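Contents: one structure, followed by commentary.
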Amino acid sequence: KEKEDIPEIVLQQIEHFFTHYKDLEKDKWVRVGTWGGAEDAKQITLEAIERAKNAKG
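Anchor point for the sequence shown: position 38 equals 79 in the numbering used here, and the numbering is continuous, going up by one each time.
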């Protein structure tokens, strides 16, 4: 799916969650960036997997 396939209210709910989920933790915050597409998500996920593998040694 692409971003355009997701109802706007769901995108707003997701953004709201990530904007506020650390509100009760002192000195922690989150900045919500821009939305990407499915290929962006796939690339970010693959990069995160590689970082996790490398961190394990």
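The beta-carbon is built from N, C-alpha and C at its ideal position, and this holds for glycine as well.
Being a predicted model, the structure only gives us computed values, none of them experimental.
Nearest neighbour of residue i, chosen from the options [CA to CA]
i	options	result
E43	K94, A82 and L65	A82
Between the CA atoms of residue j and residue i - distance to the nearest angstrom
i	j	result
I55	A79	16 Å
H61	D68	13 Å
I50	V71	20 Å
N100	F58	Given a span of 42 to 98 for the chain in the structure shown, any question on residue 100 remains unanswerable.
D64	P48	26 Å
Requested in this report: Give a yes or no on contact between the segment 85 to 92 and the segment 68 to 75, applying the rule of three or more CB pairs nearer than 8 Å.
Outcome: no
Requested in this report: Pick out the complete alpha helix (DSSP H) segments inside the segment 72 to 96, 4 residues or longer, and give them in chain order.
Outcome: 79 to 96
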